[in-house]
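J.: These protein sequence lines are chains A and B, in that order. If you number the first sequence the way the numbering used here does, the last residue is 257 and the count never jumps. If you number the second sequence the way the numbering used here does, the last residue is 1302 and the count never jumps. The beta carbon of each residue, even a glycine, is placed where N, CA and C say it ideally should be. A single structure is presented below for examination.
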Amino acid sequence: MITAIKTELLKIRTTRLLVGMLAAAAAWTAMVCIVESSRSGPGGLVPALTTEAGLRAVISSTGFATILAAVFGVTISSGEFRHNTATDTYIDEPNRFRVLAAKVIAAALVGLSFGLVGIAITTSVGLSFTIGNGYSVPFGADVIARYAAGAVIGAGLLAAVGAGLGSLIRSQLAAIIAIFAMAFGIEQIVGGVSRSVAVYMPFVSASTMAGGSSYSMPPLPVGLNPLPFAGVAALLVAIAWLISAVAAHTTTQRDIT
Amino acid sequence: MAVIEIQGLTKRFGPVLAVDNLSFDINEGAVVGFLGPNGAGKTTTLRMLLGLVEPTAGTALFNGVPYRDLKDRAHQVGAMLEAAAIHPRRTPRGHLRVRAAAARLDPARIDAVLASVELTDAADRRVGQFSLGMRQRLALASALLGDPKVLLLDEPANGLDPEGVRWLREFLRELARKGCTVLVSSHVLAEVAQTVSDVVIINRGNLVTQSSLDELMACAPQPVRVRTPKAEQLRVALAGINIDARLAAPDQLEVPDSTPERVANLAAKLAIPIYECAAEPARLEDIFLDLVNGQPRDEVPR
Chain A
1 MITAIKTELL
11 KIRTTRLLVG
21 MLAAAAAWTA
31 MVCIVESSRS
41 GPGGLVPALT
51 TEAGLRAVIS
61 STGFATILAA
71 VFGVTISSGE
81 FRHNTATDTY
91 IDEPNRFRVL
101 AAKVIAAALV
111 GLSFGLVGIA
121 ITTSVGLSFT
131 IGNGYSVPFG
141 ADVIARYAAG
151 AVIGAGLLAA
161 VGAGLGSLIR
171 SQLAAIIAIF
181 AMAFGIEQIV
191 GGVSRSVAVY
201 MPFVSASTMA
211 GGSSYSMPPL
221 PVGLNPLPFA
231 GVAALLVAIA
241 WLISAVAAHT
251 TTQRDIT
Chain B
1001 MAVIEIQGLT
1011 KRFGPVLAVD
1021 NLSFDINEGA
1031 VVGFLGPNGA
1041 GKTTTLRMLL
1051 GLVEPTAGTA
1061 LFNGVPYRDL
1071 KDRAHQVGAM
1081 LEAAAIHPRR
1091 TPRGHLRVRA
1101 AAARLDPARI
1111 DAVLASVELT
1121 DAADRRVGQF
1131 SLGMRQRLAL
1141 ASALLGDPKV
1151 LLLDEPANGL
1161 DPEGVRWLRE
1171 FLRELARKGC
1181 TVLVSSHVLA
1191 EVAQTVSDVV
1201 IINRGNLVTQ
1211 SSLDELMACA
1221 PQPVRVRTPK
1231 AEQLRVALAG
1241 INIDARLAAP
1251 DQLEVPDSTP
1261 ERVANLAAKL
1271 AIPIYECAAE
1281 PARLEDIFLD
1291 LVNGQPRDEV
1301 PR
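Here you go:
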């Protein structure tokens, strides 16, 4: 298994996709939190940065990096079918369950970097605007550390979910559309209909881990009562496991033609 | 000793029977052409051998075990199935690093196989910039990475220019000299005829024949071609001894089922001048086409 994971990590290192996607995640996140920070305060996009709600909204706006982590997870597995490299992959390692497990684990490990990039940018921008304006930071380093841990772990777990989804759907385009449809469509609709169900949605739950609120980007439903940190992590692990288990079942059944 | 054993192999894709109860063996050290027209079931057979496609029935084994159960697979079997199936953003070196890592092979082999397919100079260029011929070479390099005892090559000459085909021919000869067992598929017999020692011909998923190339050649018709200014007179004379000759041109006769000696002797008796009289070399492509078009020759081993 270690060999299979190392191979998947090497595959990632031998193309520039990761660098490109991290750059996209960084740019997108930076743009969002700079806009939020510069338009904070009464009548703005987020409450004033002097308030806990305001600074929290900026720091927890790691959602787009998290979504791109999931997209990256999709590309790790569906890319094999897009470029027909699955043939070589399964010639080298005929145990398809092992290949999928290695992809999910590799995606989770690399996915952490999306959360890291996201939280590094949101925290830097949020604190720069707050301190730069002479305000005091409304919460301590422990809170920031908790949000950071949530952003990083959430991104890793969603990348794992993406890897399972990419293997299940196989069509890279369809899988990426499914990710965006889930994050920006289905979860928003579910959030509008039922807050109690919304907390179990993957992107909403990952966002709550990172301290997300109704002011964060993408916003969470107002009045959401988030699950505990460990509960969200367990939920995302379960979703990744479930999708991967279904993908593993279908992958072993399908012919590689 | 058979290193590849295919027994009763069958694959059905929905209503399509791609491979139908196919059986043949490949002995150690043989270089075998796996031939058949497009859609004959060659690629499906190779994919079943490698565990990529699950057979509907039958077995496909290497040294008595399925590919997935082979120990030290990369040293046992190398395969080239899809030349175009290489990530376009990777370099050849990157691609081979991945393959070597997956098979736990010594990365030092990478430079050796790149040199063997003459891709050293292009080792750090993106594969997306490669011609099909270069991709074929890289795919071959991948297959050779583990220095395998058995090589499976699926249509390796596809898309190659004449220079590339010549290079491939030399490459396969070199592998044969080293004692490697090679199963190379093609839909053009002439492409592999100068390289292989044996052939397995399939059509519509069925075995048409398995024989040595010499046996196949021996059973091929070799009509006698005669050039004479009195072609019609000679044709009538041949008909008189129950030999059906055909006028190929006003001064040319094609005489099946005879020998140059017999035709020349008859012409000498009748004082018919002969400018040219020789048996035509067997045309492998004709034999191949006759076989796959359902005109089996009785003499061909089946």
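Any beta carbon of chain B sitting closer than 8 Å to that of H83(A)?
T.: Within the first sequence, the letter at position 83 stands for residue 83(A). For H83(A), the answer is yes, since a Cβ of chain B falls inside 8 Å of its Cβ.
J.: For D1316(B), which beta-bridge partners are listed by DSSP?
T.: Past the edges of chain B, shown from 1001 to 1302, lies residue 1316(B), and the structure says nothing about it.
J.: Any contact between the segment 1041 to 1050 of chain B and the segment 1109 to 1117 of chain B? By contact I mean 3 or more CB pairs, one from each, below 8 Å.
T.: Because the criterion of three Cβ pairs below 8 Å is not met, the segment 1041 to 1050 of chain B and the segment 1109 to 1117 of chain B do not touch.
J.: Rounded C-beta distance between A106(A) and E8(A)? I'm assuming under 8 Å.
T.: Counting from 1 along the first sequence, the entry for residue 106(A) is found at position 106. Counting from 1 along the first sequence, the entry for residue 8(A) is found at position 8. Contact holds; Cβ gap of about 4 Å.
J.: Name, please, each residue of chain A whose Cβ falls closer than 7 Å to the Cβ of R1051(B).
T.: The residue you call residue 1051(B) lines up with position 51 of the second sequence. The amino acid at residue 1051(B) is misidentified as Arg; the sequence shows Gly. Correct list: P94.
J.: Confirm, please, whether the CB-CB distance from F1024(B) to I1006(B) is below 8 Å.
T.: Counted from its first residue, the second sequence places residue 1006(B) at position 6. Counted from its first residue, the second sequence places residue 1024(B) at position 24. Result yes, Cβ atoms of I1006(B) and F1024(B) sit closer than 8 Å.
J.: Which residues mark the beginning and the end of the beta strand (DSSP E) in which S1185(B) is found?
T.: Sequence index remark: in the second sequence, residue 1185(B) carries index 185 (1-based). Per DSSP, S1185(B) belongs to the beta strand (DSSP E) from T1181 to S1186.
J.: Run through DSSP, which three-state label would E36(A) get?
T.: The count along the first sequence starts at 1 and reaches residue 36(A) at position 36. Looking at E36(A) - three-state DSSP - the assignment turns out to be helix.
J.: Roughly how many angstroms separate the alpha carbons of A206(A) and L224(A), rounded to a whole number?
T.: Walking along the first sequence from the start, residue 206(A) turns up at place 206. Walking along the first sequence from the start, residue 224(A) turns up at place 224. Taking the straight line joining both Cα atoms gives about 13 Å.
J.: Check whether chain B comes within 8 Å of K103(A), counting only Cβ atoms and requiring the distance to be less than that.
T.: Along the first sequence, one-based indexing puts residue 103(A) at 103. Judged by the 8 Å Cβ criterion, K103(A) is not in contact with chain B.
J.: Taking all protein chains shown into account, decide if H249(A) is buried (16 or more other Cβ within 10 angstroms of its Cβ) or exposed.
T.: Counted from its first residue, the first sequence places residue 249(A) at position 249. So H249(A) ends up on the exposed side.
J.: When the Cα of L1061(B) is compared with those of C1180(B), A1220(B) and L1009(B), which residue comes out closest?
T.: By one-based count along the second sequence, residue 1061(B) stands at place 61. Nearest option by C-alpha distance: L1009(B).
J.: Count the CB pairs spanning the segment 66 to 81 of chain A and the segment 164 to 180 of chain A that are closer than 8 Å, and state whether there are at least three.
T.: Cβ pair count under 8 Å is three or more, so yes.
J.: Report the three-state DSSP secondary structure of K11(A) (helix, strand or coil).
T.: The count along the first sequence starts at 1 and reaches residue 11(A) at position 11. K11(A): helix per DSSP, three-state reduction.
J.: Residues bridged to R1125(B) by DSSP?
T.: In the second sequence, counting from the first residue as 1, residue 1125(B) sits at position 125. None, per the DSSP bridge assignment.
J.: Show which residues of chain A have a CB atom less than 7 Å away from the CB atom of G1094(B).
T.: Translated into positions along the second sequence, residue 1094(B) becomes position 94. Neighbours of G1094(B) on chain A, chain order: T14.
J.: Checking contacts by CB at 8 Å: is S1212(B) closer than that to chain A?
T.: As a position in the second sequence, residue 1212(B) is number 212, starting the count at 1. So, not an interface residue.
J.: Would you kindly report the start and end of the unbroken beta strand (DSSP E) that includes M1080(B)?
T.: Counting from one through the second sequence, the residue named residue 1080(B) turns up at place 80. First-last of the beta strand (DSSP E) with M1080(B): V1077 to M1080.
J.: What residues of chain A sit near P1156(B), judged by a beta carbon separation below 8 Å?
T.: Position 156 of the second sequence, counting from 1, holds the residue named residue 1156(B). By Cβ distance, chain A contributes nothing, its closest Cβ being about 15 Å from P1156(B), past 8 Å.
J.: I want to see whether chain A comes within less than 8 Å of V1182(B), judged by CB atoms only; does it?
T.: Within the second sequence, residue 1182(B) is the residue found at index 182, counting from 1. Taking Cβ atoms only, chain A never reaches closer than 8 Å to V1182(B), which makes this a no.
J.: Residues bridged to K1011(B) by DSSP?
T.: Here residue 1011(B) refers to the residue found at position 11 when the second sequence is read from its first residue. Answer is V1019(B), bridged to K1011(B).
J.: Just to check my reading of the structure: A151(A) and G115(A) have Cβ atoms closer than 8 Å, yes? What is that Cβ distance to the nearest angstrom?
T.: Position 151 of the first sequence, counted from the first residue, corresponds to residue 151(A). Position 115 of the first sequence, counted from the first residue, corresponds to residue 115(A). So it is a contact: roughly 4 Å between Cβ atoms.
J.: Using DSSP with H/G/I as helix, E/B as strand and the rest coil, what is I1006(B)?
T.: Here residue 1006(B) refers to the residue found at position 6 when the second sequence is read from its first residue. It is a strand residue.
J.: Quick one: what does DSSP say Q172(A) is sitting in, helix, strand or coil?
T.: One-based indexing of the first sequence puts residue 172(A) at position 172. Helix, per DSSP.
J.: Using a cut-off of 7 Å between C-beta atoms, extract the partners of Y90(A) located in chain B.
T.: Translated into positions along the first sequence, residue 90(A) becomes position 90. Those are L1052, listed as they occur along chain B.
J.: Using a C-beta to C-beta distance shorter than 8 Å, which residues of chain B count as neighbours of L235(A)?
T.: The residue given as residue 235(A) occupies position 235 in the first sequence. Residues of chain B passing the Cβ test: none, with the nearest at roughly 33 Å.
J.: Out of curiosity, what's the CA-to-CA distance linking R1012(B) and N1063(B)?
T.: Working through the second sequence from its first residue, we reach residue 1012(B) at position 12. Working through the second sequence from its first residue, we reach residue 1063(B) at position 63. Each residue's Cα considered, the two are about 25 Å apart.
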